[in-house]
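Read left to right, the sequence shown gives residues 396 to 796 (our numbering). Positions of the beta carbon are idealized from the N, C-alpha and C atoms, including for glycine. A short write-up of the structure that comes next.
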Amino acid sequence: MRSTRVALCAASCLLAALACGGSESTGPSTGSVEVVATTTGADLDPDGYAVAVDGGAGQSLPVNGTVTFTQLSVGSHQVALSGVATNCTPSGQNPTFVSVTGGATTHLAVAIACARLEMIAFVSWRDGNGDVYVMNADGTGVKRLTTTTQPASSANPAWSRDGSRIAFASNRDGHEEIYVMNADGSSVSRLTYFNSSFPSWYYSSVPSWSPDGSRIVFASSRDDADALYVMNAEGSGISRLTNNPSTVASDAAPVWSPDGSKILFLRVVYGQDNNWDVYVMNADGSGQVNLTNSVGVDECGRPDWSPDGSKIVFAADSFGNGNTCRSAQLYVMNANGTALRRLMSSSAQDMWPSWSPDGTKIAFTSYRDGNQEVYVMNADGTGPINLTKHPANDLLPAWRP
């Protein structure tokens, strides 16, 4: 009887071992692989990655997360990471190989480093009405951020200094107002509002963020004159910065300096030469200085600061063609208005410049291909390249800081 019980016990133990995928002498024949991702840097891949073992179906892997593959046979297996954004780079070899041990979990750490994306926001009419789009700085990855319906349109996109938000103007609610949204186009909110005390020609437009992201400067006609205003980033606390009556001067296109101390803008003084010039003032509206004193028209698009604040790029029609800017060209000068020089010599209409965050490039709008396109060139005016190459009008570029 005893020998029978021993035999039955041995048989049951053997069956149990076989059920675990091994044998009485070798142990389990399967194991697991746990893949752990650690992603650092800026502009992390928003939808994560995919991981596959031995060319099988991929599983989703968060940018800082874990995925486990079970029931893998003992031995060597290939692990491949895919779906990695172009600005992100895995360390080590990809694919790589891991060794699976029976009844155990092999841990594979994957480190991914992401570089900050260079991006340009712009306005395009390619979908039938003017909307804000974004693209990589080489013209790839074009994505529509706003969705308006005709005859409404959006204009004047401006990035917050940390690149997380975009302010823009839109007439989607009947009057041109300032709006703000996340950089992916989500959470659109309106900041300015028309009321019955405003003139019928009321608008609020051309926003620009303070470097700390707490305030926005913009142009508006709310007090029956083209003047500049500042408000908190959520739309409260609006105050007027320039105070000329509408019969004396008009102000437009403000841009906050990189250090937050100055605001660049455009002004025309009526009864003098009636031409727009580039001005600068302190951030509180004091100390207004004319930098260009030009006989031409310097209002052909918003001017911009170099990232270090030492230079200013702007568009001007030096041939005095009124407000049409038919012969607009790009110019650069020191921040105090000295050392003015023309960047390119062409018959095209070039305007609305925007400096790249590293100071080496300038994006701009040009008519040189028969319709408005977004171009980029070296900061010295050489090497212009068409980024958008679309039959619809693409204009008003704004480089992400």
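Using a Cβ-Cβ cut-off of 6 Å (strictly less than) and excluding sequence neighbours within five positions of residue i, which residues of its own chain qualify?
{"i": "Ala480", "result": "Asp440"}
{"i": "Tyr598", "result": "Glu571 and Ser616"}
{"i": "Met448", "result": "Checking the sequence, you will find Val at residue 448 rather than Met. So the list reads Phe464, His472 and Val474, once near-sequence residues are dropped."}
{"i": "Asn766", "result": "Asn788"}
{"i": "Thr484", "result": "Ala508"}
{"i": "Ser701", "result": "Trp750 and Gly754"}
{"i": "Phe593", "result": "Arg617"}
Tell me the DSSP secondary structure of residue i in three-state form.
{"i": "Thr642", "result": "coil"}
{"i": "Lys358", "result": "Because the chain is modelled from 396 through 796, residue 358 falls outside the range shown and cannot be assessed."}
{"i": "Cys720", "result": "coil"}
{"i": "Lys784", "result": "coil"}
{"i": "Pro552", "result": "strand"}
{"i": "Tyr674", "result": "strand"}
{"i": "Thr434", "result": "strand"}
{"i": "Ile633", "result": "coil"}
{"i": "Gly426", "result": "strand"}
{"i": "Asp679", "result": "coil"}
{"i": "Pro649", "result": "strand"}
{"i": "Arg662", "result": "strand"}
{"i": "Arg697", "result": "coil"}
{"i": "Val537", "result": "coil"}
{"i": "Ala547", "result": "coil"}
{"i": "Ala710", "result": "strand"}
{"i": "Asn669", "result": "coil"}
{"i": "Asn627", "result": "strand"}
{"i": "Asn688", "result": "coil"}
What is the residue span of the beta strand (DSSP E) that residue i lies within?
{"i": "Val446", "result": "Tyr444 to Val448"}
{"i": "Ser565", "result": "Arg560 to Ser565"}
{"i": "Ala793", "result": "Asp789 to Trp794"}
Near residue i, what residues of its chain come up, given a Cβ to Cβ distance below 7 Å and the 5 sequence neighbours on each side ignored?
{"i": "Ala723", "result": "Cys695, Ala710, Ala711, Asp712, Gln744, Asp745 and Met746"}
{"i": "Ala774", "result": "Gly754, Thr755, Lys756 and Ile757"}
{"i": "Arg567", "result": "Thr543 and Ala547"}
{"i": "Asp764", "result": "Asn781"}
{"i": "Arg737", "result": "Gln724 and Tyr726"}
{"i": "Leu735", "result": "Tyr726 and Met728"}
{"i": "Ser398", "result": "Reliability fails at Ser398, whose pLDDT of 40 lies under 50, so the model's placement of it is uncertain and no value is given."}
{"i": "Arg697", "result": "Val601, Ala648, Val650 and Trp747"}
Kindly list the residues whose CB is nearer than 8 Å to the CB of residue i, restricted to its own chain and excluding five residues on each side of it in sequence; keep chain order.
{"i": "Asp654", "result": "Pro606 and Gly704"}
{"i": "Pro490", "result": "Gln473, Val474, Ala475 and Leu476"}
{"i": "Ser656", "result": "Asn677 and Ala678"}
{"i": "Val495", "result": "Thr425, Gly426, Ser427, Val428, Leu467, Ser468, Val469, Gly470, Ser471, His472 and Thr501"}
Quick check: is any heavy atom of the ligand MG less than 7 Å from the C-beta of residue i?
{"i": "Ser584", "result": "This structure lacks the ligand MG; in fact it carries no ligand of any kind."}
**Study point:** Length-filtered (4 minimum) alpha helix (DSSP H) runs lying within the stretch 570-624
**Key:** none
Exercise for review: May I ask you to verify whether the stretch 669-688 touches the stretch 586-594, counting CB pairs closer than 8 Å and requiring at least 3?
Suggested key: no
Exercise for review: Please list the segments of the beta strand (DSSP E) lying wholly inside the stretch 454-535, counting only runs of 3 or more residues, in order along the chain.
Suggested key: 454-456, 461-468, 470-477, 483-485, 491-495, 500-509, 514-519 and 526-531
Point to revise | In chain order, each alpha helix (DSSP H) run of at least 4 residues that lies wholly inside the stretch 712-781 | key: none
Review point. Pairing CB atoms from the stretch 606-623 with CB atoms from the stretch 641-651, are three or more of them under 8 Å?
Key: yes
Check your understanding: Counting pairs of Cβ atoms below 8 Å between the stretch 462-473 and the stretch 526-543, do you hit three or more?
Key -> no
**Study point:** Inter-stretch contact (C-beta, 8 Å, three-pair minimum) for the stretch 547-558 and the stretch 503-510
**Key:** no
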